[in-house]
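A short worksheet on the structure shown next.
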Amino acid sequence: LVTASADNTAQLWDWQINSNTPITSLRHHDSVIALALSKDNKYLATASADNIAQVWDISSSKKIVSLPQNSRIIAFALSIDGNYLATSSQKHGARLWNISSGKLITVFPLPHKDTVTTVAFSANNKYLATASDDKTAKVWNAENGKLITSVSHNSFVKALAFSSDGKYLATASFDKTAKVWEINSGKEITNIRHEHNVYAVAFSPDDKYLATGSYDKTARVWNVGTGKETARFRHDSTVYAVAFSPKDGKYLATASYDHTARLWDAQTSQQTTRLQHQQQVYAVAFSPDSKYLATASFDNTAKVWDAQSGEEITRLQHDDKVHAVAFSPDSKYLATASFNNTAKVWDAQSGKEITRLQHDDKVHAVAFSPDSKYLATASFDNTAKIWDIHTGEEITRLQHDNKVHGVAFSPDGNYLATASFDNTAKIWDAQSGKQITRLQHDNKVYAVAFSPDSKYLATAISNKSAKVWDIHTGKEITRINHDDSVKAVAFSPDSKYLATASFDKTAGVWDTRTGEEIARLPHDSDVYKIVFDSDSQYLATASADNTARVWDINNQQEIARIRHDGKVYDVAFRPDGKYIASASFDNTAQLSLRFPQDLIEQACSRLNRNLTSQEWKQYFGDKFNQHRKTCPNLPFHSSINQQKQLEKN
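Our numbering applies: residue 103 is where the sequence shown begins, and numbers increase by one.
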């Protein structure tokens with residue numbers, strides 16, 4: 103089962119094993135708005151709000167081709183044989199692409215005068231149909247782009263369906279009608295009327311009946327030959343999708359904005375099954391054997407149901423924003439915190455999910471214990487929790503009177519510190535959960551950090567300051583000021599420096615003893631997080647300007663920049679310093695090499711040669727006399743020497 107989501111992914115699931123973890127996650131840079139499978143299940147096409155359509159090999163999860171569009175993709179369709187992809191974009195009509203080569207075959211010279219809203223291939227791949235807000239639908243020869251027929255409604259055309267024999271086209275319109283047309287002649291065969299906009303059409307497997315879904319809260323079945331209504335099914339809101347059971351056409355599935363999908367006997371109009379979601383249901387599909395039904399909802403889930411009993415077989419959950427990320431000290435694990443009320447622990451090498459940890463509200467921060475056995479989580483449910491990362495067992499629960507925004511283990515593993523919107527930071531015994539010290543502030547406390555010797559605690563405060571405290575006496579040692587709220591604090595491993603991240607768009611580095619400012623590092627928006635590497639020479643920052651950056655502390659120079667498609671809320675060095683993990687509101691956690699040279703070395707380690715003459719020409723032009731090795735440890739490609747010899751001659 104494949105799902106498309108606003109979390110920027112299309113995900114492939116084995117729903118029969120009832121796992122919450124997808125087999126494969128295929129990523130775009132914006133919401134995935136549509137997908138299509140080839141009939142042989144070899145290829146998957148995805149369309150995104152990033153104006154790119156992509157085709158993937160399902161077995162390997164490899165991207166076959168990426169097809170950028172010049173404007174927003176409104177609809178697309180994969181040919182039945184999987185060889186071609188049709189796309190329609192907001193400004194440039196419809197285009198036909200060869201999947202294997204990625205070449206544009208045909209640009210349909212669309213006399214559509216408005217947005218093309220949907221496209222569909224006929225079952226025999228001969229025809230491509232387009233529907234438009236210009237009140238027309240058109241059928242084209244899929245090979246040469248020649249217009250075969252054009253049909254009209256009195257308002258927007260929003261849905262299309264070919265009959266299985268490719269002779270007829272059904273259209274759904276906001277003029278309150280659905281119509282069936284003979285393709286070759288363009289003759290109207292059937293005119294079907296609802297009381298409001300028609301959103302969906304579907305032929306029965308034998309092409310004798312047509313199902314429609316409407317804003318008038320009904321789905322209906324019609325005899326294609328006579329246009330007579332044979333069945334009517336009522337929902338409590340708009341019916342957005344309809345589907346016949348493919349095996350025998352005996353049942354009709356409907357998806358509605360009343361938060362339900364329903365299964366009906368298409369002949370008797372009796373409801374056989376009601377399937378509940380938490381929000382609008384906008385898509386429904388049968389398995390080929392008609393035994394199972396899949397539904398997709400605005401509640402961020404897709405579900406698979408037993409079509410006969412209505413039993414929920416599998417729930418497939420897409421995630422919300424990733425808010426924090428942390429490496430375990432032994433580098434084996436990566437933890438993420440999400441606004442979907444969970445924290446997850448992952449194998450840092452394979453990316454496999456190890457443990458999922460549940461809170462009752464958004465999880466805002468995570469921290470590993472020094473021995474990598476435990477994870478602390480901070481949540482907006484007013485608690486911090488300590489978990490066994492291998493068993494997922496909750497070991498300790500620590501209570502505040504408001505949201506817990508930050509959490510940190512002391513380097514010796516004896517203490518846990520928490521930061522809260524109840525204007526306090528608290529220090530707890532990590533083993534017993536007993537409160538040791540309560541540090542009262544005048545405003546919300548965003549974050550906490552221990553000094554390397556575990557003697558001091560730094561707090562980041564919404565009143566434009568950071569403070570350093572003696573954890574045993576509770577005495578304030580140092581106060582540091584910014585021009586806006588301080589969001590994060592961090593001690594350098596050698597204890598010489600304290601770093602601060604602020605909403606004044608800067609990160610600051612300060613002398614721990616004197617409070618003197620050592621460096622000020624600028625971003626283009628709020629700075630959310632700051633962290634030192636293990637040798638105290640480099641600093642990483644995370645910002646609302648969609649970047650994480652790495653800085654050389656001594657010369658205050660930016661040496662690396664990691665880009666996301668949303669605000670970057672957290673950043674962490676792997677203990678060996680080679681990799682940086684960043685967490686973003688684009689719903690991803692990204693693992694990046696720290697230095698550009700590391701990336702070059704990694705690429706070269708996967709190759710067995712340098713560039714060919716053709717590749718060099720593609721990237722650098724015809725000047726072969728300037729050719730150099732991209733990977734110094736690999737030999738020149740023979741074509742380079744041949745080309746140089748030709749130039750000499």
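Ideal Cβ placement from N, Cα and C applies to all residues, glycine included.
- When DSSP states are grouped into helix, strand and coil, E496 belongs to the strand group.
- Using a Cβ distance threshold of 8 Å, V323 and Y311 count as a contacting pair.
- Contact fails between the region 537-546 and the region 618-626, because fewer than three Cβ pairs, one in each stretch, are under 8 Å apart.
- In the DSSP assignment, V326 falls outside any beta strand (DSSP E), carrying neither H nor E.
- In this chain, the beta strand (DSSP E) harbouring G508 covers V506 to F511.
- Per DSSP, the beta bridge partners of A486 are A480 and L500.
- Counting other Cβ atoms within 10 Å of its Cβ, L436 reaches 16 or more and is therefore classed as buried.
- Per DSSP, reduced to three states, the secondary structure at Q537 is strand.
- The residues D463, K464, H466 and K505, in chain order, have a CB closer than 7 Å to that of F482 in the same chain once the five nearest residues on each side in sequence are set aside.
- By the criterion of a C-beta distance shorter than 7 Å, S433 is surrounded in its chain by A450, R676, P677 and D678, once the five residues flanking it on both sides are discounted.
- In this chain, the beta strand (DSSP E) harbouring D367 covers T362 to D367.
- Approximately 11 Å separates the beta-carbon atoms of P348 and F305; this is outside 8 Å, ruling out the contact.
- Within the region 239-275, the runs of beta strand (DSSP E) at least 3 residues long that lie entirely inside it are, in chain order, 249-254, 259-264 and 270-275.
- In the structure shown, Q692 falls within a strand segment according to DSSP collapsed to helix, strand and coil.
- Nearest in C-alpha terms to V670, of all of K536, P431 and D688, is D688.
- In chain order, A467, A469, A478, A480, A486 and T520 place their CB closer than 6 Å to the CB of V509, counting only its own chain and leaving out the 5 sequence neighbours on each side.
- Taking a cut-off of 8 Å on C-beta distances, the region 651-662 does not touch the region 402-413, as fewer than three cross pairs fall below it.
- Separation of the CB atoms of L600 and A560 is rounded to 6 Å, and the pair is thereby assigned contact status at 8 Å.
- Residue pairing for I529: DSSP places it in a beta bridge opposite A519 and T539.
- Per DSSP, reduced to three states, the secondary structure at S452 is coil, with no helix or strand assignment.
- In the DSSP assignment, L206 falls within the beta strand (DSSP E) that extends over L206 to V209.
- Taking a 10 Å sphere around the C-beta of S234, we find 16 or more other C-beta atoms and assign the residue as buried.
- The beta-bridge partner set that DSSP reports for D667 is empty.
- Secondary structure of Q113 (DSSP, three-state): strand.
- The straight-line gap separating the alpha-carbon atoms of A263 and Y186 is approximately 18 Å.
- Taking A644 as the centre and dropping the five residues before and after it, the same chain places the C-beta of A603, V629, Y630, K631, I632, A650, V670, Y671, D672, V673, S684 and A685 closer than 8 Å to its C-beta, in chain order.
- For K405, the uninterrupted beta strand (DSSP E) segment begins and ends at T403 to D408.
- Ranked by how close their Cα comes to the Cα of A385, the residues P307, A302 and K589 have A302 in first place.
- Y229 sits close to N243, with the two beta carbons spaced by under 8 Å.
- The DSSP assignment places no complete alpha helix (DSSP H) segment of no fewer than 4 residues inside the region 599-657.
- In the DSSP secondary-structure assignment, E331 is bridged to W324.
- Put simply, of L128, W115, L103 and L198 the residue whose alpha carbon is nearest the alpha carbon of D109 is L128.
- Cα atoms of D473 and S556: separation of roughly 15 Å, rounded to the nearest angstrom.
- Taking the CA atoms as reference points, R665 sits about 18 Å from A151.
- For D672, DSSP records a beta bridge to A685.
- Taking a contact as a CB-CB distance under 8 Å, the pair A609 and V588 does not count as one, their CB atoms being some 10 Å apart.
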